[in-house]
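To start, the structure under review is shown below, and the notes come after it.
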DNA sequence: AGCCCGTTCTACATCGTTGTAGAACGAGCG
DNA sequence: CGCTCGTTCTACAACGATGTAGAACGGGCT
């Protein structure tokens with residue numbers, strides 16, 4: 130049986146509450162008592178029981194981070210940023226995966242899945258593509274990246290549209306005229322990140338005076354490197370002409386580079402490629418990947434900080450923060 | 130205030146214990162009662178309080194996964210495998226990072242850091258390089274990857290040595306004679322993965338009748354793509370001749386490919402590169418990365434399953450499982 | 001009828017912690 | 001001396017769930 134606060138109290142010859150006070154840095158305590166208790170804690174190797182404390186305080190000291198897949202570099206790196214920032218607030222992070230399934234995303238928001246936590250950070254991509262309203266929220270919640278129709282929860286989002294437009298502009302300025310949108314989805318009304326990036330792509334084309342061509346709108350399922358590779362291979366096989374690719378994330382762009390290299394095409398000689406996210410691997414691709422950086426660190430940090438404020442009782446209206454972006458110039462475009 | 134089991138009982142007009150029985154699928158209950166309670170649970174949107182249940186049962190329903198960095202693809206993908214397998218057992222996973230710091234690794238093992246959980250899976254790399262004995266274990270623990278001197282905890286490890294030797298053999302069979310060990314550490318007595326891979330490298334060299342050369346032993350700090358790139362750039366700058374690289378993980382190997390491409394060297398024409406891990410990105414590098422696959426999925430799955438057995442009371446002697454490896458042939462070597 | 005037994009339900013104690021209320025103490029004041 | 005006040009400590013209740021013990025019931029047996 131684990132050693133409890135009562136064991137420590139007995140060992141130190143003091144009351145249970147005094148031990149509790151010691152553990153919680155209660156200021157009105159003699160140094161002698163503090164020392165006695167410290168010695169007993171040490172001697173018995175006492176550790177507080179988080180369940181009991183959680184029950185008493187109504188807090189668990191943990192938050193959930195819900196993402197589609199951890200294996201995607203962008204989400205893994207986001208998760209690392211979130212874990213580090215949460216630790217800064219003394220919180221632990223339980224990580225859950227949805228596979229971009231809207232049902233699962235909903236279940237996490239409603240608290241039907243996942244561990245009990247004090248708050249939730251979710252990067253919803255499945256739900257963002259459907260247009261239902263989410264009303265059931267079990268915990269203080271911060272949504273990251275994509276926006277969904279949900280009441281009273283904070284958003285930390287990125288400049289999907291402006292960044293995508295800038296990426297297209299970047300390619301157009303370098304003389305590219307047939308630019309693929311890699312990751313383009315079928316139409317939805319919901320303002321998902323994917324949809325906004327597509328809007329930005331269209332806007333960028335228009336700004337540059339380029340014609341839109343439906344065959345250049347290439348969907349890619351889950352935005353993994355393998356999907357990007359397959360999609361571009363298929364495009365080449367189909368004989369579609371193109372001289373630029375905007376990958377809607379870096380994994381897709383890296384997949385495109387892989388497909389182009391395989392087909393014997395030069396990047397950026399024959400085709401320029403630009404990505405989105407600036408994942409850690411981007412500088413090391415061949416060629417190094419030019420990309421739109423939506424400030425992942427800022428996103429993660431802001432999301433955690435906002436969530437902590439909510440957990441601590443902040444009850445103002447729902448907030449919306451948009452992180453800045455900038456184009457990181459490398460050699461692929 | 131959240132709705133409790135007592136609220137449900139009152140609403141349904143039954144005792145608290147009956148609600149508890151319902152929630153725990155107690156078999157001796159009339160269907161009428163079951164239905165009444167189900168309706169009340171639904172009506173009040175009742176969710177069990179994990180802290181209270183945890184306090185009563187002495188279980189939290191969560192395990193910790195402790196890794197050096199989540200941003201490294203290998204650990205991210207391992208984490209995904211662990212989360213998926215844990216979910217299969219109804220467990221949640223809290224992820225912690227150590228930055229490979231032995232002090233932090235120790236603190237997690239001793240339960241001085243991290244949330245309260247039912248068990249711990251750790252990929253220790255800092256501790257594996259020191260040779261102290263670890264005796265304090267707070268939870269049932271499974272160590273993954275590297276072995277450390279710890280009493281009574283299960284290991285799930287991989288064929289570090291044999292795989293590294295096979296990788297060297299693979300390059301040697303293709304006529305490579307000056308083979309770099311990328312990720313070689315300074316000597317330690319502790320049988321860390323890094324050390325075992327180096328031993329395997331040496332053995333492979335010997336088997337192939339090749340001479341060892343100290344300038345081909347290249348350390349790389351944290352095994353990230355950037356470290357691999359830097360190390361190989363420095364090697365080229367120093368004028369060291371080599372025609373093969375064994376990356377001690379895939380990120381390092383990918384960094385090597387990046388450095389070689391940057392220097393205008395052809396892979397595998399001028400230099401063959403082989404990695405270790407078979408991360409998801411390996412097939413999509415230019416050229417696709419040949420690598421030693423230590424069966425990451427098996428590792429993760431076995432670790433979780435063994436931990437679950439321990440949590441459920443299995444008390445046999447410490448076990449040691451070694452996952453098989455095989456070389457995945459692609460184009461980089 | 002009287003008994004046992006399985007089913008169905010309830011009351012109560014308990015897990016380990018922290019908040020509340022208040023006791024005991026000495027110092028400072030009139 | 002008697003009072004208040006701040007400090008230091010203690011006893012007890014409470015958080016929300018589950019295990020134990022046992023009550024009440026009806027059916028089947030002798």
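Residue numbers (this note's numbering), protein chains in the order written: chain A, 130 to 462; chain B, 130 to 462. Backbone N, C-alpha and C fix where the C-beta goes; we use that ideal spot for every residue, glycine too. Note that the coordinates shown come from a computational prediction; the quantities given were computed from them, not determined experimentally.
Proximity of residue i and residue j at Cβ, strictly below 7 Å
i	j	result
residue 195 of chain B	residue 251 of chain B	yes
residue 348 of chain A	residue 313 of chain A	yes
residue 396 of chain B	residue 403 of chain B	no
residue 424 of chain B	residue 452 of chain B	yes
residue 238 of chain A	residue 263 of chain A	yes
residue 400 of chain A	residue 345 of chain A	no
residue 169 of chain A	residue 140 of chain A	yes
residue 373 of chain B	residue 305 of chain B	yes
residue 326 of chain B	residue 377 of chain B	yes
residue 283 of chain A	residue 448 of chain A	yes
residue 409 of chain A	residue 411 of chain B	no
residue 226 of chain B	residue 198 of chain B	yes
residue 297 of chain A	residue 330 of chain A	yes
residue 289 of chain B	residue 255 of chain B	no
residue 191 of chain A	residue 148 of chain A	no
residue 125 of chain A	residue 184 of chain B	It is not possible to answer for residue 125 of chain A, since the shown part of chain A is limited to 130 through 462.
is_contact[residue i, chain B] using C-beta, thresh 7 Å
i	result
residue 409 of chain A	yes
residue 232 of chain A	no
residue 244 of chain A	yes
residue 176 of chain A	yes
residue 359 of chain A	no
residue 221 of chain A	yes
residue 405 of chain A	no
residue 413 of chain A	yes
residue 390 of chain A	yes
Residue i to residue j span [Cα, whole Å]
i	j	result
residue 151 of chain B	residue 178 of chain B	15 Å
residue 285 of chain B	residue 202 of chain A	25 Å
residue 455 of chain B	residue 375 of chain B	15 Å
residue 165 of chain B	residue 405 of chain B	57 Å
residue 293 of chain A	residue 361 of chain B	35 Å
residue 300 of chain A	residue 258 of chain B	48 Å
residue 228 of chain A	residue 353 of chain A	12 Å
residue 270 of chain B	residue 243 of chain B	14 Å
residue 209 of chain A	residue 156 of chain B	44 Å
residue 230 of chain B	residue 207 of chain B	19 Å
residue 204 of chain B	residue 388 of chain A	26 Å
residue 280 of chain B	residue 439 of chain B	14 Å
residue 143 of chain A	residue 172 of chain A	15 Å
residue 189 of chain B	residue 220 of chain B	9 Å
residue 334 of chain B	residue 214 of chain B	38 Å
residue 369 of chain A	residue 380 of chain A	22 Å
residue 384 of chain A	residue 357 of chain A	4 Å
residue 332 of chain B	residue 324 of chain B	12 Å
Helix, strand or coil at residue i according to DSSP, with G and I counted as helix
i	result
residue 254 of chain A	coil
residue 413 of chain B	helix
residue 456 of chain A	strand
residue 377 of chain A	coil
residue 420 of chain B	strand
residue 144 of chain A	coil
residue 342 of chain B	coil
residue 449 of chain B	strand
residue 431 of chain A	helix
residue 443 of chain A	coil
Minimum Cβ-Cβ distance from residue i to chain A less than 7 Å
i	result
residue 209 of chain B	yes
residue 307 of chain B	no
residue 428 of chain B	no
residue 240 of chain B	yes
residue 200 of chain B	yes
residue 371 of chain B	no
residue 444 of chain B	no
residue 184 of chain B	yes
residue 260 of chain B	no
Cβ distance (whole Å) where residue i is taken to contact residue j below 8 Å
i	j	result
residue 145 of chain A	residue 161 of chain A	With 8 Å as the limit, residue 145 of chain A and residue 161 of chain A do not qualify as a contact, their Cβ atoms being about 18 Å apart.
residue 418 of chain B	residue 459 of chain B	6 Å
residue 261 of chain B	residue 436 of chain B	Not really, about 23 Å apart at Cβ, beyond 8 Å.
residue 224 of chain B	residue 224 of chain A	5 Å
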